[in-house]
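Right, one structure below, let's go through it.
Number of protein chains: 2
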Amino acid sequence: MNILKNDLLLRTLRGETTERTPVWMMRQAGRYLPDYMKLKEKYSFFERCQNPELATAITIQPVEQVGVDAAIIFSDILVVPQAMGMEVQMVEGKGPFLPDPVRRIEDLDKLHLPDVEEKLGYVFDALRLTKKTLDGRVPLIGFAGSPWTLLCYMVQGKGSKTFDEAKAFCYTQPETAHRLLQMITDTTIAYLKGQAKAGADVVQIFDSWGGLLGPEDFETISLRYIRQIVAALKEEVLTIVFAKGAWSSLEGMAATGAHGLGIDWCIRPQMARQLAGPKVALQGNFDPAKLLSPIPVIRKEVTAMLDAFQGHPHIANLGHGILPDVPVDHARAFVDTVKNYRP
Amino acid sequence: MNILKNDLLLRTLRGETTERTPVWMMRQAGRYLPDYMKLKEKYSFFERCQNPELATAITIQPVEQVGVDAAIIFSDILVVPQAMGMEVQMVEGKGPFLPDPVRRIEDLDKLHLPDVEEKLGYVFDALRLTKKTLDGRVPLIGFAGSPWTLLCYMVQGKGSKTFDEAKAFCYTQPETAHRLLQMITDTTIAYLKGQAKAGADVVQIFDSWGGLLGPEDFETISLRYIRQIVAALKEEVLTIVFAKGAWSSLEGMAATGAHGLGIDWCIRPQMARQLAGPKVALQGNFDPAKLLSPIPVIRKEVTAMLDAFQGHPHIANLGHGILPDVPVDHARAFVDTVKNYRP
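For the protein sequence lines, the chains are A and B, in the order given. The numbering used here puts the first residue of the first sequence at 27, with every later residue one more than the last. The numbering used here puts the first residue of the second sequence at 27, with every later residue one more than the last.
Listed below in C-alpha cells is the structure:
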C-alpha cells in the first residue's frame, strides 16, 4: 500500500483538524480540459470508461493540470444499470438513452444482480491502475449513483428536468419500485466494496435527482437506500453523500453516519451546518457558473465561501459539476485560492 | 365593478381568517384539459394569447371544469421581452426560442421601454373580457415573469437546466445586466399596473429560475428588482411572489411586503413558515408529480399538506405547474379535497 503524501481529504473526512482545506471539483476530469477533449474525439464514452489506461489518464489529468487534492475515477453512474442488464447508450449532445426502460413488474425479470467482478471489473482495473500511477500523490475517490437517481434513468429512459415518469412509477407501483431500488442497492453495495478493495480511499454516492423529491418521499424513496449503502460501507471506506437540492433532509443524511455530505450553492454554509450538525464534513458549495466570472471575482467569492465554512470540517468543491465552458485557468484560480487561503 | 361571490383568495391574501382554504393550480389553464388541447390544435400559441376570446375561453375552462377558486389569465411571461422588441418563437415540443439574444451592451439598443397599452393591450383586453365573463364567480389573477427569469431567456435565447450563459452574463457584464434588469422592471411595473386596471384582483410574479441563484446572487440579481415591483404595486393590487427553489431567501421575500409567497414541495410547510414569518400567506406546495398517484393517495397527501399549513394564511396550490399528463379527475380530486377539508 502506498503512503499518501497528501491525505488532507481523508483527515478532513475523519473529522481531524488539518493545516488547510482540501479541494477537488465534481466532474474535474471532464470537458473543460483540452486534453480530455482530445481523448473524447478519438474514443467513445464507453471506450474511455472501459479501457483502464484511458480512464487512468483522464482521472489523473486534473491532478496534474489543476492541482486538486484528490482524484476521482473517470466513469459514469449508469455503468450499474448496464451491469444489471439494461442497454445504456450515450448520445452525443443529448445525454443518456436507455431504449428499453422499466415500466412494470415484468420488466424486473430482465434485470439481475450482477457479479460485479465480472461485469464491472474494468472499473476496478482502472482504480488499481490509477492508484498505482498516482503513486500516493493524492487520495482516490470512487463513486456510484444513488438507487433513486439510477431508478430515474432506468424508468424515464433518458434525462429529464422533472423525472415525472420515474416519480409516477414510484407513486403508482410502489412495490415494484421498492423491489427495483433494493436490487440497485444490493448491486451498489457490492460495487462500492469492490471499488474500496481496488484502491478507492473514499466513495461518493451521487443522488443527483434527490432534490426532485419532497422531504417525505426523499426519506422513503431515496435516503432509506442510501442509509443501507453507507451502513454497509462505512467500516471499510470513507463515504460522502451528495444529494443535490435535498437540503431539507441534511439532518437525516448526517444521521446515516456518512463521513461527508455534499451541498449545493443554494444553501448558506451556516444553515447547512446547523441542519447537518457539527461533526460531519461538508463538501461544497461554489456555484459552478461562478467559475465563468473574471478571476479576481472568483478569488473574492471563493475566499468568502471559505470564511463561511470556518470552524468545522470542510472540503472545498463546487455545488455541482464543473461546466464545459470554464477556462482552465479559472478552475486553477478556484483551486489555488483554496490552497493559499489562511483564515 | 362586480361583487365577488367567492373572494376566499383575496381575504386569505389580506391575512383574514376564512371559512376554508382557497385553491387554484399553476398552469391550471393548460395541456391536461382536453378542451384546451382542442384549441391548441387549431390556434398557435400567440393566437391563443393575443385573441381575447380565446384567452378568455381558456382562462375560464378550469373554473368550470375543475372548480378552482381563482382564474389566472392565459398568457406567457415572454410577452414582455416581445413587447420590448425581441423576437420570441414558441417551438412546439421544444419551448421558447429567441433567435437574437442579448449578449453585449450594444444589444440593449435594440430594446425599448414599450407603451404597454399599445404593445400589451391584448392582455388587458383579455383580462377585461375574462372579468366580465367570470361575472364575479372567482377572482382573476394576472401575472408577469420576474426580471431575472426574463433575463434568463433574453440572454440564453432558450430554455436551459442551468442558464449558465445568463449567469455568466451577469457575472462578467454586471453593469449591462443591471441596466437590462432595470428596463425589464420598469416595463413590468407598467404592465402589471395595466393588468390591475384591466381587472386583475391579484398579480403573481413568477421567478421560475430564482432557485438557480445562490442566496447573495438572488438578492442582487433577482430580489432587488422584485422588491421594486412589489413596492410599486402593493397599494393597487394584491401581490404574490413565487421564486421556485429560492427557499433560503423566504425571509427577504416576506420583507418585500408581498401579500403571498409561493413555495415548492421541497420545503416543509413548518420550515417555510418559520422563515417567512407568521403574517404572509403561503401558497403551495403539492408536488405536481403526485397528481399522477391514485386518487386515494392524492386525497391522503393533500390532507396531510393542509394539516401542515394550519394556523396561518394558506392558499392551496401545486409547488410548480400542473403536468400535461395528469388526468382531469386527479386535478379535481386535488381541488375537492381542499374544498372538503375541515381541520
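Cβ coordinates follow ideal geometry from the N, Cα and C atoms, glycine included.
Test: residue i CB closer than 8 angstroms to a CB of chain B
i	result
G168 of chain A	no
G237 of chain A	yes
S274 of chain A	yes
A194 of chain A	yes
M51 of chain A	no
L318 of chain A	yes
A315 of chain A	yes
Contact with chain A by residue i, beta-carbon distance below 8 angstroms
i	result
C292 of chain B	yes
G240 of chain B	yes
Contact list for residue i against chain A, beta-carbon separation under 7 angstroms
i	result
V374 of chain B	For residue 374 of chain B there is no data in the structure shown, the boundaries of chain B being 27 and 369.
Helix, strand or coil at residue i [DSSP, three-state]
i	result
K31 of chain B	coil
P88 of chain B	helix
M51 of chain A	coil
G220 of chain A	helix
G337 of chain A	coil
T265 of chain A	strand
M110 of chain A	coil
D190 of chain B	helix
K184 of chain B	strand
N343 of chain B	strand
D355 of chain A	helix
I293 of chain A	coil
L166 of chain B	strand
P122 of chain B	strand
V94 of chain A	coil
G271 of chain B	coil
F232 of chain A	strand
N77 of chain A	coil
G286 of chain A	strand
Q309 of chain B	strand
Q208 of chain A	helix
G303 of chain B	coil
Q254 of chain B	helix
V128 of chain B	coil
G171 of chain B	strand
Quiz item: In chain order, what residues of the segment 116 to 145 of chain B put their CB closer than 9 angstroms to some CB of chain A?
Solution: Listed by position along the chain: nothing, the set is empty.
Quiz prompt | the segment 327 to 360 of chain B: positions lying closer than 7 angstroms to chain A by Cβ | solution = Correct list: L349.
Quiz item: What residues in the segment 173 to 190 of chain B bring their beta carbon closer than 7 angstroms to a beta carbon of chain A?
Solution: K187, T188, D190
Exercise. Please list the residues of the segment 251 to 272 of chain B that have a C-beta atom closer than 8 angstroms to any C-beta atom in chain A, keeping them in chain order.
Key: Interface annotation for the segment 251 to 272 of chain B against chain A: G271, A272, criterion Cβ-Cβ distance under 8 angstroms.
Practice problem: Select from the segment 292 to 307 of chain A all residues with a C-beta closer than 8 angstroms to any C-beta belonging to chain B, and list them in chain order. | Solution: C292, I293, R294, M297
Quiz item: If we count Cβ pairs, one from each stretch, closer than 8 angstroms, do we get three or more for the segment 331 to 341 of chain B versus the segment 207 to 215 of chain A?
Solution: no
Exercise. Evaluate contact between the segment 185 to 193 of chain B and the segment 141 to 152 of chain B, counting only Cβ atoms and requiring at least three cross-stretch pairs below 8 angstroms.
Key: At 8 angstroms Cβ cutoff, the stretches do not touch.
Quiz item: Pairing CB atoms from the segment 46 to 63 of chain A with CB atoms from the segment 91 to 98 of chain A, are three or more of them under 8 angstroms?
Solution: The answer is yes - the segment 91 to 98 of chain A touches the segment 46 to 63 of chain A, with three or more Cβ pairs under 8 angstroms.
Quiz item: Do the segment 347 to 360 of chain A and the segment 310 to 330 of chain A touch if we need at least three Cβ pairs shorter than 8 angstroms?
Solution: Segments in contact, yes.
Quiz prompt | Cβ contact (3+ pairs, closer than 8 angstroms) linking the segment 100 to 111 of chain A and the segment 171 to 183 of chain A | solution = yes
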